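Enquirer:
There are 2 protein chains.
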Amino acid sequence: MHKRGKQSFILPQMPVITTWASVAGKKESEGPLAHCFDVTSQDTYFGQKTWELAEQQMQKTALETLLQKAGLRKDQLGLVFSGDLLNQCISSSFTLRNAGIPHLGLYGACSTMAESLLLGSMAVGGGFSDRVVAMTSSHFAASERQYRFPLDYGGQRPPTAQWTVTGSGAALLCSAGKGPRIEGCTIGTVTDLGIPDANNMGAAMAPAAYATIRAHFEDFSTSADAFDQIITGDLGQVGKEMLLELARRDGISLGGKLTDCGTMVFDMDTQDVHAGGSGCGCSAITLCGYFLDKLHRGKLKRILFCGTGALLSPTSTQQGLPIPGVCHAVVIRGRED
Amino acid sequence: MHKRGKQSFILPQMPVITTWASVAGKKESEGPLAHCFDVTSQDTYFGQKTWELAEQQMQKTALETLLQKAGLRKDQLGLVFSGDLLNQCISSSFTLRNAGIPHLGLYGACSTMAESLLLGSMAVGGGFSDRVVAMTSSHFAASERQYRFPLDYGGQRPPTAQWTVTGSGAALLCSAGKGPRIEGCTIGTVTDLGIPDANNMGAAMAPAAYATIRAHFEDFSTSADAFDQIITGDLGQVGKEMLLELARRDGISLGGKLTDCGTMVFDMDTQDVHAGGSGCGCSAITLCGYFLDKLHRGKLKRILFCGTGALLSPTSTQQGLPIPGVCHAVVIRGRED
Chain Z
1246 MHKRGKQSFI LPQMPVITTW ASVAGKKESE GPLAHCFDVT SQDTYFGQKT WELAEQQMQK
1306 TALETLLQKA GLRKDQLGLV FSGDLLNQCI SSSFTLRNAG IPHLGLYGAC STMAESLLLG
1366 SMAVGGGFSD RVVAMTSSHF AASERQYRFP LDYGGQRPPT AQWTVTGSGA ALLCSAGKGP
1426 RIEGCTIGTV TDLGIPDANN MGAAMAPAAY ATIRAHFEDF STSADAFDQI ITGDLGQVGK
1486 EMLLELARRD GISLGGKLTD CGTMVFDMDT QDVHAGGSGC GCSAITLCGY FLDKLHRGKL
1546 KRILFCGTGA LLSPTSTQQG LPIPGVCHAV VIRGRED
Chain S
1246 MHKRGKQSFI LPQMPVITTW ASVAGKKESE GPLAHCFDVT SQDTYFGQKT WELAEQQMQK
1306 TALETLLQKA GLRKDQLGLV FSGDLLNQCI SSSFTLRNAG IPHLGLYGAC STMAESLLLG
1366 SMAVGGGFSD RVVAMTSSHF AASERQYRFP LDYGGQRPPT AQWTVTGSGA ALLCSAGKGP
1426 RIEGCTIGTV TDLGIPDANN MGAAMAPAAY ATIRAHFEDF STSADAFDQI ITGDLGQVGK
1486 EMLLELARRD GISLGGKLTD CGTMVFDMDT QDVHAGGSGC GCSAITLCGY FLDKLHRGKL
1546 KRILFCGTGA LLSPTSTQQG LPIPGVCHAV VIRGRED
């Protein structure tokens, strides 16, 4: 039995992330991580007619880049776990249309990169599949018009609002090979402290992030000391501060190890993104563009990657419901030769 | 390694479906399976103010009924895999709000019952979790107003249209116990033959169902002879006939074993459902209301349960894209004492 504690499991045969790929949009390619991405585009439509098709094009490009880097053909992949923010996850489904690759669709909102890595680890670590891809995407303009307003409307954004990242990330998990390895995972619970403001996702997700980090520490009898960094997906500046405060109140130290992809992917001073980046693509391109490389080159030894998701829909918000959050955590170890 | 062939895996430690529960709406409780369901309601709102809240209430009731039948508390569950048709899968997320149960959200459209059983099998069979719930739901009125028109509009339905089932099903997978067991699974690929008609889902899903059944036969070197029944989720009458035709053209016999939950859940002659039932709830309540009981009582020995999903969204349809389908298959064996 590989179960640990109430919410976690270990991977005795650690799946190896042998290859990873990232695709980023214009604004992301002008930010602090510009040099990290495999593919960037100055055309936010990615050569397509609609924002939704642009997002599919990004995911296709991420998958193709991954295959190219790995030297594999599509038919050599065993399984893809993917999902996205668009209604009915069309970016993910249409990306794999007639590709002949077994596919299991996920919905974890912005936690999808972590959720897909977690399930990919189960599939590879349990011997149920080999060469599993974990993948996701988001697109600023497609998200804005679905969740809030079309861009043409020119809606004002409050200071707590975040900027959905235009990007896609993909990681290849194998049972053998060289690269960062997944050691264990903690599955999140749906946590809701009653935040109803769809322009303050960080606050809605922070309690879930805290619950999962605390559960991880308990399940593995560990602490922040065991990690070089604890990395949340897209809490942004507001959510990050709330997470620190929640931990402080319980006397749990995050030991100065906390960083958030939403505060890394854009320049918070100059890029006018208010509280920071968000969206499935936020943690995906930060992990697949920046962190996996650091782990691979030995610059980081062990991280806790915590994907955070706000489980709202425009309908639930319009019907007056609050915004539940979820957070899944994955322990990734650096390459050991 | 438990992988078999290109798309399948076996479960050397077969997860046992020890308990199952079903909740059904008014129309479903007037159909041929009326006597099979644990809970039925003559109030399509299930005591709530909106159709969306009604769907959450159904999932909550399915989970509570499952726990009651199993004699378990919420905190004794290891993990819930669930998803639904509503945008951002709010029925599933809100059902588990502050329940403290680890949750992994899925999007597989109407294939979700099979997808959640498949992933539950990996989690239990691989030793990553115990007491895993596979769960899903759909609601006719919530689906109609999201995918097509609000009911008040009185839109006409063509003969190929299907009727979304109002219902929720849940199954508990354990590493030990008595009940039907999951022997192996086949993961579907996203298959698209170019059907663009959102009122003909059966035709859109039939090619995916055929692809998965054929892959299952190939991966396990087996045939229809090995099963008492091959059960598709919600192809309806039109899709079922197309699946038979696709198999016939390739010289693959389904040996008179094919049945479809969409043609079972309603009386096709008297209930005015046109081509049959559909929705995540269709295969969920038919499996968790009817088939698992038959397997448990030894009336069926071995079935291939094939969840079918149409991966469209109103946006993809409005943008002129066709409707891809997916189908995941699970081999379930009857109880052996």
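Quick note, the sequences are listed as chains Z and S, same order. Per the working numbering, the first sequence starts with residue 1246, numbered consecutively. Per the working numbering, the second sequence starts with residue 1246, numbered consecutively. All residues carry an ideal CB built from backbone N, CA and C; glycine is no exception. None of these values were measured; they are calculated from a predicted model.
For residue 1248 (chain Z), go through chain S and note every residue whose CB falls closer than 8 Å to its CB, in chain order.
Expert: On the first sequence, position 3 is the one that residue 1248 (chain Z) refers to. Chain S residues near residue 1248 (chain Z): 1323, 1372, 1373, 1374, 1375.
Enquirer: Is the segment 1363 to 1379 of chain S close to the segment 1410 to 1428 of chain S, with three or more CB pairs under 8 Å?
Expert: Yes, they touch.
Enquirer: Within 8 Å (strictly less), CB to CB, does residue 1576 (chain S) reach chain Z?
Expert: Locating residue 1576 (chain S) in the second sequence gives position 331, where the first residue counts as 1. Residue 1576 (chain S) does not count as touching chain Z.
Enquirer: Relative to the alpha-carbon of residue 1269 (chain S), which residue among S:1413, S:1500, S:1297, S:1358 has its alpha-carbon at the smallest distance?
Expert: Locating residue 1269 (chain S) in the second sequence gives position 24, counting from the first residue. Of the listed residues, the one whose Cα sits closest to residue 1269 (chain S) is S:1413.
Enquirer: Using the Cβ count rule (16 or more neighbours within 10 Å means buried), how would you classify residue 1498 (chain Z)?
Expert: Start at 1 with the first residue of the first sequence, and residue 1498 (chain Z) comes out as number 253. Residue 1498 (chain Z) is exposed by the Cβ-count criterion.
Enquirer: Going along chain S, which residues have a C-beta under 7 Å from residue 1367 (chain Z)?
Expert: For the purposes of this step, residue 1367 (chain Z) is taken as the residue at position 122 of the first sequence. Per Cβ cutoff of 7 Å: 1367, 1368, 1371, 1373.
Enquirer: Go through its chain and collect everything with a Cβ distance to residue 1305 (chain S)'s Cβ below 8 Å, but skip five positions before and after it.
Expert: Translated into the one-based positions of the second sequence, residue 1305 (chain S) becomes position 60. For residue 1305 (chain S), where only same-chain residues beyond five positions count, the Cβ hits under 8 Å are 1340.
Enquirer: Measure from the C-beta of residue 1354 (chain Z) to each C-beta in chain S and report whether the shortest distance is under 8 Å.
Expert: What you label residue 1354 (chain Z) is simply residue 109 of the first sequence in a count that begins at 1. By this cut-off, residue 1354 (chain Z) is an interface position.
Enquirer: So which of S:1473, S:1470, S:1442, S:1399 has the shortest CA-CA distance to residue 1569 (chain S)?
Expert: Against the second sequence, residue 1569 (chain S) aligns to sequence position 324. Comparing Cα-Cα distances from residue 1569 (chain S) to each of S:1473, S:1470, S:1442, S:1399, the minimum goes to S:1442.
Enquirer: Could you give the first and the last residue of the continuous beta strand (DSSP E) run that contains residue 1254 (chain S)?
Expert: Along the second sequence, one-based indexing puts residue 1254 (chain S) at 9. Counting along the chain, the beta strand (DSSP E) containing residue 1254 (chain S) begins and ends at 1253 to 1255.
Enquirer: Residue range of the beta strand (DSSP E) that residue 1233 (chain Z) falls in?
Expert: In the structure as shown, chain Z starts at 1246 and stops at 1582, and residue 1233 (chain Z) therefore has no counterpart that could be examined.
Enquirer: Counting along the chain, where does the beta strand (DSSP E) carrying residue 1269 (chain S) start and finish?
Expert: The residue labelled residue 1269 (chain S) in the question sits at position 24 within the second sequence. Run containing residue 1269 (chain S): 1261 to 1269, per the beta strand (DSSP E) assignment.
Enquirer: For the ligand PLP, is there a heavy atom less than 7 Å away from the beta-carbon of residue 1535 (chain Z)?
Expert: Of the ligands one can find in the structure shown there are none, so the ligand PLP has no counterpart to examine.
Enquirer: Is there a Cβ of chain Z sitting closer than 8 Å to that of residue 1445 (chain S), yes or no?
Expert: Reading the second sequence from its first residue, position 200 is the one you call residue 1445 (chain S). By this cut-off, residue 1445 (chain S) is not an interface position.
Enquirer: Do you know offhand how far residue 1589 (chain Z)'s Cα is from residue 1408 (chain Z)'s?
Expert: With chain Z represented from 1246 up to 1582, any question about residue 1589 (chain Z) goes unanswered, as that position is not in the structure.
Enquirer: Could you name the residues that DSSP lists as bridge partners for residue 1534 (chain S)?
Expert: By 1-based counting over the second sequence, the position of residue 1534 (chain S) is 289. In the DSSP output, where bridge partners are listed per residue, residue 1534 (chain S) has none listed.
Enquirer: Please tell me whether residue 1459 (chain Z) has its Cβ less than 8 Å away from any Cβ of chain S.
Expert: As a first step, residue 1459 (chain Z) is located in the first sequence; it is residue number 214 there, counting from the start. No, its Cβ sits nowhere closer than 8 Å to a Cβ of chain S.
Enquirer: Just grab the DSSP bridge partners of residue 1220 (chain S) for me.
Expert: With chain S running from 1246 to 1582 in the structure shown, residue 1220 (chain S) is simply not present.
Enquirer: Interface residues of chain Z around residue 1348 (chain S) at Cβ under 8 Å?
Expert: For this step, residue 1348 (chain S) is matched to residue 103 along the second sequence. Going along chain Z in sequence order, the residues near residue 1348 (chain S) (Cβ under 8 Å) are 1432, 1433, 1434, 1435, 1571.
Enquirer: Taking DSSP as the reference, what is the three-state secondary structure of residue 1247 (chain Z)?
Expert: The residue you call residue 1247 (chain Z) lines up with position 2 of the first sequence. Three-state result, residue 1247 (chain Z): coil.
Enquirer: Touch check for the segment 1509 to 1524 of chain Z and the segment 1247 to 1257 of chain Z: three-plus C-beta pairs under 8 Å?
Expert: Touching, no.
Enquirer: Which residue marks the beginning of the beta strand (DSSP E) containing residue 1549 (chain Z), and which one marks its end?
Expert: Along the first sequence, one-based indexing puts residue 1549 (chain Z) at 304. Note, residue 1549 (chain Z): beta strand (DSSP E), 1547 to 1555.
Enquirer: Does the contact criterion of 3 or more C-beta pairs under 8 Å hold for the segment 1342 to 1353 of chain S versus the segment 1318 to 1328 of chain S?
Expert: Yes, since at least three Cβ pairs between the segment 1342 to 1353 of chain S and the segment 1318 to 1328 of chain S fall closer than 8 Å, the two stretches touch.
Enquirer: Please confirm if the segment 1356 to 1365 of chain S is in contact with the segment 1426 to 1441 of chain S, defined as three or more CB-CB distances below 8 Å between the two stretches.
Expert: Yes, since at least three Cβ pairs between the segment 1356 to 1365 of chain S and the segment 1426 to 1441 of chain S fall closer than 8 Å, the two stretches touch.
Enquirer: I'd like the span of the beta strand (DSSP E) that includes residue 1326 (chain S), first residue to last.
Expert: As a position in the second sequence, residue 1326 (chain S) is number 81, starting the count at 1. Taken as a continuous stretch (DSSP letters only), the beta strand (DSSP E) holding residue 1326 (chain S) covers 1324 to 1329.
Enquirer: Nearest-angstrom Cα distance between residue 1566 (chain S) and residue 1298 (chain Z)?
Expert: In the second sequence, residue 1566 (chain S) corresponds to position 321, counting from 1. In the first sequence, residue 1298 (chain Z) corresponds to position 53, counting from 1. Those two C-alpha atoms are separated by around 10 Å.
Enquirer: So which of Z:1451, Z:1444, Z:1390 has the shortest CA-CA distance to residue 1437 (chain Z)?
Expert: Numbered from its first residue, the first sequence carries residue 1437 (chain Z) at position 192. Nearest C-alpha to residue 1437 (chain Z): Z:1451.
Enquirer: Does residue 1418 (chain S) come within less than 8 Å of chain Z when only Cβ atoms are used?
Expert: As a position in the second sequence, residue 1418 (chain S) is number 173, starting the count at 1. Taking Cβ atoms only, chain Z never reaches closer than 8 Å to residue 1418 (chain S), which makes this a no.
Enquirer: Flag residue 1503 (chain S) as yes if its beta-carbon sits less than 8 Å from any beta-carbon of chain Z, otherwise no.
Expert: The residue labelled residue 1503 (chain S) in the question sits at position 258 within the second sequence. Not one chain Z Cβ lies under 8 Å of residue 1503 (chain S).
Enquirer: Does any residue of chain S have a CB that is nearer than 8 Å to the CB of residue 1308 (chain Z)?
Expert: Here residue 1308 (chain Z) refers to the residue found at position 63 when the first sequence is read from its first residue. It does not; no Cβ of chain S falls within 8 Å.
Enquirer: Suppose the cutoff is 7 Å on Cβ atoms and the five residues either side in sequence are ignored; what does the same chain contact list for residue 1258 (chain S) look like?
Expert: Position 13 of the second sequence holds residue 1258 (chain S). Excluding residues within five positions, the ones whose Cβ falls inside 7 Å are 1370, 1420.
Enquirer: So if DSSP puts residue 1363 (chain Z) in a beta bridge, which residue, or which two residues, is it bridged to?
Expert: Working through the first sequence from its first residue, we reach residue 1363 (chain Z) at position 118. BP columns for residue 1363 (chain Z) are empty, so no partner.
Enquirer: Check the Cβ-Cβ distances between residue 1335 (chain S) and every residue of chain Z, and say whether any is below 8 Å.
Expert: Along the second sequence, one-based indexing puts residue 1335 (chain S) at 90. Judged by the 8 Å Cβ criterion, residue 1335 (chain S) is in contact with chain Z.
Enquirer: Going straight from the alpha carbon of residue 1275 (chain S) to that of residue 1261 (chain Z), what length do you get?
Expert: Along the second sequence, read from residue 1 onward, the residue named residue 1275 (chain S) stands at position 30. Along the first sequence, read from residue 1 onward, the residue named residue 1261 (chain Z) stands at position 16. Taking the straight line joining both Cα atoms gives about 53 Å.
Enquirer: Along the beta strand (DSSP E) that carries residue 1477 (chain Z), what are the first and last residues, could you check?
Expert: Along the first sequence, one-based indexing puts residue 1477 (chain Z) at 232. Per DSSP, residue 1477 (chain Z) belongs to the beta strand (DSSP E) from 1474 to 1477.
Enquirer: According to DSSP, is residue 1436 (chain S) part of a helix, a strand, or is it coil?
Expert: On the second sequence, position 191 is the one that residue 1436 (chain S) refers to. Residue 1436 (chain S): strand per DSSP, three-state reduction.
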